[in-house]
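What follows is a set of notes on a single structure, which appears directly below.
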Amino acid sequence: MTEQTKPEEKAGGLMKSLGGSMQRRTFFRYAGATAAATTLLLTTSCDDDDEVTPPMNEEAVDLGSGDVGILNYAYALEQLEAAFYTAVVAESASALSADEMMVMQDLKAHEVAHRDFFKKALGSNAIPALEVDFSAINFKDKNSVLQTAKTFEDLGVAAYNGAGKLFTDTGAGLDYLLLAGKIVSVEARHAAAIHDLISNNTRAYGAEMIDANGLDRAMSPTEVLGAASAFIATEINFSNLPK
Amino acid sequence: MNIFKIIQDIEKVDGEVYDRLASRRQAFSSFGSFGKKVALAAVPIAMGSMFKKAYGQSSNGIADVLNYALTLEYLEADFYMQGLAASGAIASENRAFFEDVRDHEVAHVAFLKSALTSLGATPVDKPTFDFSAGGAFPDWNSNPQTYLALSQAFEDTGVRAYKGQAANLVGSNEVLTAALQIHAVEARHAAIVRRIRGLKGWITNDERGAGMPVPTQAVYDGEAETMQAGIDVAAVSGVAAASVTEAFDEPLSKEAVLNIASLFIA
């Protein structure tokens, strides 16, 4: 697996939960793991919140914490994808075949649907519209367009795979987990189709994204936003996301 | 001792914790004697097993889901091994792709078995499969079109099956994440098989798609959803309803999946 939760992160999460409303199943997650229990034992007498928050630009958009933070994280990625395919459909007709453009139109529709769904679901908690930076993309060049699409779709798959465990595991958190599941498989379908287009329909699907256990990638928000930051002009503060 | 504080903290949010642990007195007295007899380092292990008993249902639930997934992966792995072994099931230009798919499904079988074993559970045995489904698809291993149609049905079913179980895996972050990772690979397979068959990589409404046999409709029933979490996505986005249904894959219940799979179990 690409990333593993460290025991101390689990314990940190538990201490926060204990301060609020710890749920039964949340606790099981920690109690089942001996390593986590050990850390718990060593740290439970210390109630100080020693989490270090890195200094952030005050202008930065704060994704927030808890389930809202993860939903805003997904909303940010969907904003990026929707903006990209909107630009492709508007600008890349001369660079793409009719078949390729049909795929791009579908992807635009899907990502706009995802984006606007998250915006509505978040309501007043939604982050504002992000400013994108597509200066590195040549929308008149097929290779540039398809390679960028590949990057975004493979990254989207890894992002949702990594985010599933970050939702609270009761109540609404379970609904959000299911929603993430409904979206991640569509991102994976997109990714495969883009790989196939790049290979001139010789059945490439992203073999390089799959490990020896037959698992696609899972990435943490830090890794994903690091990879996406080149395309996002707005500074994002994700330091309050669940870990 | 810190462990008492842990149990007191749990009590604040789970008033039944002492019922789960037999009784308050027992819980504390058993820890008391532990404290005298064993080294501090061993206490977390004892605590882990105590809570495993108290909250053990979740663990069994995870094993159930993994065995269910294993059954589906056995089906897929066997389907691709047999298809690649047959002379007329797979067109030469698709062979390399299906070899990769087989390798993934075989890896999923091995991964799920090892996950089950590490949980202390017993992996289910591989069923005997009949991919002709009792004679409904007599040319499944001699006609590439039939083979592709069944492959599409199995991959799209796999995607829906894993999705339907995500909420039952929240007791283990590692298992939940791995299930999502497998699920994404099934979706990549599904998209390519659909494109080989001349379809879009995604599912429109609840359409099984051109050339798919009628019995495979059960794989697609319930996919025509435009409402998500109480939100009418077509209305809020202005995106056409058919495209909205493509943008969200829907889960399938265990019962529905096993009904589909049972057609192919001899």
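Just so you know, the protein sequences line up as chains A and B, in that order.
Note that my numbering has the first sequence beginning at 2, numbered continuously upward.
Note that my numbering has the second sequence beginning at 107, numbered continuously upward.
Glycine is no exception: its CB is placed at the ideal position from the N, C-alpha and C atoms.
Residue i versus residue j - alpha carbon distance
| i | j | result |
| --- | --- | --- |
| A/Q5 | B/L172 | With a pLDDT of only 45 at A/Q5, under 50, the local geometry of the prediction cannot be trusted, and the value read off the model is given with reservation. Cα-Cα distance, rounded: 20 Å. |
| A/A219 | B/A330 | 28 Å |
| B/F260 | B/I309 | 14 Å |
| B/E361 | A/L147 | 40 Å |
| B/K232 | B/V325 | 22 Å |
| A/N76 | B/A341 | According to the sequence as given, residue 76 of chain A is Tyr; it is not Asn. Straight-line Cα distance between these residues: approximately 18 Å. |
| A/Y206 | B/D355 | 19 Å |
| A/S221 | A/G70 | 13 Å |
| B/G344 | B/D312 | 20 Å |
| B/A346 | A/A83 | 15 Å |
| A/N238 | A/D63 | 5 Å |
| A/E154 | A/A193 | 9 Å |
| A/A208 | B/T322 | 28 Å |
| A/A150 | B/N279 | 29 Å |
| A/V89 | B/Q258 | 29 Å |
| B/K219 | B/E182 | 15 Å |
| B/I298 | A/K120 | 31 Å |
| B/L178 | A/N139 | 43 Å |
| B/F217 | A/H111 | 32 Å |
| A/N241 | B/A348 | 37 Å |
| B/I366 | B/F237 | 12 Å |
| B/Q251 | A/R204 | 16 Å |
| A/L175 | A/F168 | 7 Å |
| B/L320 | B/R314 | Inspection of the sequence shows that residue 320 of chain B is occupied by Val rather than by Leu. Spanning the two alpha carbons is a distance of roughly 8 Å. |
| A/S230 | B/D206 | 33 Å |
| B/L286 | B/A242 | 33 Å |
| B/E292 | B/Q271 | 15 Å |
| B/D262 | A/G157 | 20 Å |
| A/G67 | A/S125 | 15 Å |
Residue i at chain B interface by Cβ criterion, 7 Å
| i | result |
| --- | --- |
| A/V225 | no |
| A/N214 | yes |
| A/D100 | no |
| A/L178 | yes |
| A/G165 | yes |
| A/V185 | yes |
| A/V113 | yes |
| A/A189 | yes |
| A/G13 | Unreliable placement is indicated for A/G13, whose pLDDT of 34 sits below 50; the coordinate value is still reported in the next sentence. Not closer than 7 Å to any Cβ of chain B, the Cβ of A/G13 fails to qualify, so no. |
| A/N201 | no |
| A/V146 | no |
| A/K151 | no |
| A/N126 | no |
| A/A231 | no |
| A/L156 | no |
| A/I237 | no |
| A/Y206 | yes |
Residue i at chain A interface by Cβ criterion, 7 Å
| i | result |
| --- | --- |
| B/G167 | no |
| B/R294 | yes |
| B/K232 | no |
| B/V363 | no |
| B/I196 | no |
| B/N274 | no |
| B/V299 | no |
| B/K269 | yes |
| B/T335 | First, the residue type needs correcting, since residue 335 of chain B is Ala and not Thr in the sequence shown. Output row for B/A335: interface = yes. |
| B/F203 | yes |
| B/V281 | no |
| B/S349 | yes |
| B/F237 | no |
| B/Q287 | yes |
| B/A213 | yes |
| B/A290 | yes |
Segment limits, alpha helix (DSSP H) that includes residue i
| i | result |
| --- | --- |
| B/I371 | First-last for B/I371: undefined, no H or E at that position. |
| A/Y86 | G67 to E92 |
| B/T283 | N279 to I302 |
| A/F119 | A99 to L123 |
| A/P222 | P222 to A229 |
| B/S343 | V339 to S343 |
| B/E352 | A347 to A353 |
| B/R314 | Segment: none, B/R314 is in no alpha helix (DSSP H) and carries neither H nor E. |
| B/D262 | P250 to Q271 |
Exercise. What are the start and end residues of each continuous alpha helix (DSSP H) run of 4 or more residues lying completely inside the segment 135-184 of chain A, in chain order?
Worked result: The segment 135-184 of chain A contains these whole alpha helix (DSSP H) runs: 143-164.
Problem set entry | Contiguous alpha helix (DSSP H) assignments of at least 4 residues, all confined to the segment 181-243 of chain B | Those alpha helix (DSSP H) runs which fall completely within the segment 181-243 of chain B and span 4+ residues are 198-224.
Exercise. Closer than 7 Å, Cβ to any Cβ of chain A: which residues of the segment 166-189 of chain B, in chain order?
Worked result: Going along the segment 166-189 of chain B in chain order, one finds no residue with a Cβ nearer than 7 Å to chain A.
For this session: Using a Cβ-Cβ cut-off of less than 8 Å, give me the residues of the segment 239-251 of chain B that come near chain A, in sequence order.
Result: Shown here is that no member of the segment 239-251 of chain B has a Cβ falling below 8 Å from a Cβ of chain A.
Exercise. Between the segment 302-324 of chain B and chain A, which residues of the former have a C-beta closer than 8 Å to a C-beta of the latter?
Worked result: Hits within the stretch, in order: I302, K306, G307 and W308.
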